[in-house]
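Going by full-length UniProt numbering, the sequence shown runs without a break in its numbering and finishes at 457.
Here a beta-carbon is modelled for each residue, glycine too, at the ideal position from N, C-alpha and C.
Quick caveat, the model's predicted, so the values are computed rather than measured.
The structure appears below as structure tokens.
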Amino acid sequence: MSQSERHIQPVREAKDWSPSSWQTRPAVQQPSYADATELERALVKLGNLPPLVTSWEVIALRKQIAEAQEGRRFLLQGGDCAESFDDCSSALISNRLKVLLQMSLVLTHGLKLPVVRVGRFAGQYAKPRSADTETRDGVTLPCYRGDIVNAVEFSPTARRPDPQRLIEGHSHSALTMNFVRALIDGGFADLHHPEYWDLDWVKYSPLMSEYQRMVESIGDSLRFMETLHGAPIGSFSRVDFYTSHEALVLHYEQAQTRQVPRQWGWFNLSTHFPWIGMRTADVDGAHVEYFRGIRNPIAVKIGPSVKPEQLKRLVATLNPDNEPGRLTLLHRMGAEKIEAHLPALVEAVKSEGARVLWSCDPMHGNTESTSSGIKTRRFENIRNELERAFDIHAACGTRLGGAHLELTGEDVTECLGGARDLTEVDLARAYKSNVDPRLNYEQSIEMAMLIVRKQTQ
Ligand code: PEP
Ligand code: MN
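In structure tokens:
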């Protein structure tokens, strides 16, 4: 048994915790359902449906995150800001998988480290919002909180929080998960066939030749190793792929919180790797209470308003036994604020001797509006925040071990800049997100290449 495996053995169950103990704490960002009976019926149904992931997978991911904490892996986490039920289609799912596989190939090859691959999908259906209501032309309705709660259309029926959507969210997650698992088991992720991951319009990309050179060099190494080995190496034909989402709607998460035979404690089996969003990370709030008792590896978003003492309490509450693989801190400061805010937080965690994986979300602190009111992000700011994050960790003697990105495999125009230097005029061409702007395919690959360049320069 390796060092990290030994540490992942049971420590103890969280004290005075149950899957519903969060209900005794203030729960922000929750939908208000008009009919308690209707909600209860949906939750009973949800509680009886089979889970989406297994405890074995959850434990395997925890081990990989423990290795990333030790500097032996890099975490790549990416996907849409929010999935939608309408986008649960084969092309969108496989394109997203393709771009994540290509990015992980770039990172593994360049960093010479295995990558922990985590999608923001199969459950990323709930969104925190800055206001509870939205007013248009004198009409006020509940805000859109993601497809698992209500619909984006501005009408009283569409915006009513509907408990039935909790079940639909579970079903769409299961459909997504099923397709991803089938693709991977069927050989879609086979390193011998990186051409399976090519997206049609990539042929015209300015980055194509650099990517192609890398793929050829991997192919050569693979053939060389298999010649030595005397046979194809099976482990190159499949990869591990994990799912994550912001565990925001706590009734939904509670209904998926299960005990399993021959394991102690409770697992959230709706996803491998749930995270707490920035707006719900209050140490005394309901979300932290819920997360404290599940055995999954978990992450928390850390914004610029978090103070070092607050962060220490949060870390102690979520990982009291300092277990490896348990806790990832996702900092999302913004390119302009990272220098001023991150070092003190890193020092605070270091001073406690707390074991965490540091990962950077360079998206959410860099959202801005154009003069015509379109929500966007500049590639240069995203890049700058990531690069500063690597430098700050290096200067503090810690390691940035992951990146968390909002991206899509589609040819959208939502973020400015990148290899094709998208401008404000381009945003009108293919802006599809209902929520935050995502890196398109090309900008995502470029970001992976920049991470490699930064780490190997
Ligand atoms: C998100 O990840 O989509 C999000 C809302 O992030 P944050 O909690 O960091 O604002
Ligand atoms: Mn977002």
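Return helix, strand or coil for residue i, following the three-state DSSP convention.
i: Phe121; result: coil
i: Glu442; result: helix
i: Thr280; result: helix
i: Arg96; result: helix
i: Thr370; result: coil
i: Leu191; result: coil
i: His364; result: coil
i: Leu314; result: helix
i: Leu46; result: helix
i: Lys307; result: coil
i: Glu70; result: coil
i: Lys350; result: helix
i: Ala448; result: helix
i: Val300; result: strand
i: Asp16; result: coil
i: Lys112; result: coil
i: Thr54; result: coil
i: Thr398; result: coil
i: Glu226; result: helix
i: Arg388; result: helix
i: Lys375; result: strand
i: Ser89; result: coil
i: Met103; result: helix
i: Val28; result: coil
i: Pro343; result: helix
i: Gly334; result: coil
i: Pro437; result: coil
Keeping to the same chain, check which residues put their C-beta closer than 7 Å to that of residue i; ignore five residues upstream and five downstream.
i: Thr133; result: Thr140, Leu141, Pro142, Cys143
i: Gln164; result: Ala42
i: Ala448; result: Met103, Val106, Leu107
i: Trp17; result: Arg292, Gly293
i: Ser20; result: Gln254
i: Arg25; result: Asp284, Gly285, Ala286, Glu289
i: Arg355; result: Gln69, Asn322, Pro324
i: Phe241; result: Arg117, Gly119, Val180, Ile184
Tell me which same chain residues have a C-beta within less than 8 Å of the C-beta of residue i, skipping the five on either side of it?
i: Ser369; result: Lys375, Thr376
i: Leu52; result: Ala122, Gly123, His170, Ser173, Ala174, Met177, Thr243, Gln256, Leu269, Ser270, Thr271
i: Gln3; result: With a pLDDT of only 45 at Gln3, under the threshold of 50, the placement of this residue in the model should not be trusted; the figure read from the coordinates follows. Hits under 8 Å: none found.
i: Ala27; result: Leu250, Gly285, Ala286, His287
i: Lys350; result: Cys396, Gly397, Thr398
Going by the DSSP bridge assignment, what does residue i pair with across the sheet?
i: Gln77; result: Val118, His404
i: Ser209; result: Ser209 is not bridged to any residue.
i: Pro274; result: His245
i: Thr456; result: Partner(s): none; Thr456 has no beta bridge.
i: Leu357; result: Thr328
i: Leu422; result: Gly417
i: Lys432; result: DSSP output for Lys432 lists no bridge partner at all.
i: Arg292; result: None, per the DSSP bridge assignment.
i: Glu134; result: Leu141
By Cβ distance below 6 Å, which residues in the same chain neighbour residue i in space, the five residues on each side in sequence not counted?
i: Ala389; result: Cys360, Leu400
i: Pro161; result: Pro31, Tyr33, Val149, Asn150
i: Leu39; result: Tyr33, Pro163
i: Val115; result: Phe74, Leu76, Ser104, Leu107, Thr108
i: His404; result: Gln77, Leu330, Ser359, Asp361
i: Val260; result: Ser55
Q | Complete alpha helix (DSSP H) runs within the region 139-184 (minimum length 4 residues, chain order) | A | Segments of the alpha helix (DSSP H) lying fully in the region 139-184: 156-159.
**Q.** Touching by the beta-carbon criterion (3+ pairs, under 8 Å), the region 299-311 and the region 326-333
**A.** Output reads yes: the region 326-333 touches the region 299-311.
Q | the region 61-76 / the region 418-429 touching (three or more Cβ pairs under 8 Å) | A | Output reads no: the region 418-429 does not touch the region 61-76.
Q.
Which complete beta strand (DSSP E) runs does the region 230-268 hold, if anything under 3 residues is left out?
A. Runs of the beta strand (DSSP E) inside the region 230-268: 242-246.
Q.
Assess contact between the region 379-395 and the region 50-70, defined as three or more Cβ pairs (one per stretch) separated by less than 8 Å. Is contact present?
A. Result no; under three Cβ-Cβ pairs closer than 8 Å.
Q) Does the pairing of the region 312-325 with the region 276-285 give three or more beta-carbon distances under 8 Å? A) Yes: at least three Cβ pairs fall under 8 Å.
Q. Between the region 206-217 and the region 178-187, do at least 3 Cβ pairs fall closer than 8 Å?
A. They do not touch, by the three-pair rule.
(Q) For the structure I just gave you, are there three or more beta carbon pairs, one from the region 86-101 and one from the region 395-413, closer than 8 Å? (A) Yes: the two stretches touch, three or more of their Cβ pairs being nearer than 8 Å.
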